[in-house]
Amino acid sequence: MMLILMVLIGALGVPQAQSSNTAYSWAIGVFLIISSFLYNAGMGPLTNTLCCEIPSALLRSKSIVLARWSYTITAIIANAITLYQLNPTAWNWGAKTGFFWAGGCLISVVFAYFFVPEPRGRTSAEMDILFEKRISPRHFADVEVNLIEAIAGDDKKM
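This is the structure we're talking about:
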């Protein structure tokens, strides 16, 4: 959804740059408010939850630190770039900045599809077993895990 909104904002920025009609500015503002609401109601809190649920128990604290560190560095860079993109005396992209962030959204969608597993209905132990068996994250939802067999199998190896 964010990808679509960013493309719409960028598309509205093209005629807005050559028109004095304030309707474009109002439409861009509405889409920005909608995108903020959708992010804060969905994707924003979801990422915090996923970075706590997905890693194995042994790596959870290190994974959370790495995720938060990556988020902070990315946010600093994004905020610095956005200032230049929107500033009329710098790059002066205006609402066409939406195209840039749509590219980021597209990369995020592809990454999430291939590398972020579905933890719904899974316990931490089941997630650990799926990672240990090297199941592709895309197929986590399709694979059934029998905890008793998995634990018994580990006991036999010892």
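Going left to right, the sequence shown walks through residues 73 to 230 as the working numbering numbers them. Glycine included, every Cβ here is placed at the ideal spot set by N, Cα and C. Note that the structure is a prediction, hence the values are computed from the model and not measured.
Hey, how far is the Cα of I148 from the Cα of L77?
23 Å
On a CA-only basis, which of I201, R206, H211 and S208 is nearest R218? Give me that one, please.
It should be noted that the sequence gives Asn, not Arg, for residue 218. With distances taken between Cα atoms, N218 lies closest to I201.
Does DSSP put F172 in a helix, in a strand, or in coil?
helix
Short of 7 Å in beta carbon distance, which residues of its chain neighbour F203, apart from the five on each side in sequence? Order them along the chain.
In its chain, beyond the 5 residues on either side, S128 have a beta carbon closer than 7 Å to the beta carbon of F203.
Out of curiosity, what's the CA-to-CA distance linking V86 and V79?
Roughly 11 Å separates the two Cα atoms.
Is it the case that the region 121-139 contacts the region 180-198, given that we only count it when at least three CB pairs across the two stretches are under 8 Å?
yes
Could you give the uninterrupted runs of the alpha helix (DSSP H) lying entirely in the region 143-201, keeping only those of 4 residues or more?
169-187
Which residues in the same chain as K205 place their Cβ atom closer than 7 Å to its Cβ, once the five residues preceding and following it in sequence are excluded?
none
Cβ of R150 within 9 Å of Cβ of Y96?
At residue 150 the sequence reads Ala, which differs from the Arg that was named. Cβ atoms of A150 and Y96: not closer than 9 Å.
Which two residues bound the contiguous alpha helix (DSSP H) that contains E125?
G116 to E125
For S128, three-class secondary structure by DSSP
Coil, per DSSP.
Does the distance from the CB of T169 to the CB of G101 come in under 9 Å?
No, the pair does not count as a contact, with Cβ atoms beyond the cut-off.
Name the two residues that bound the continuous alpha helix (DSSP H) containing I106.
T94 to L110
Using three-state DSSP, classify R206 as helix, strand or coil.
coil
Closer than 8 Å by C-beta to L178: which residues in its own chain qualify, once you throw out the five before and the five after it? Chain order, please.
L75
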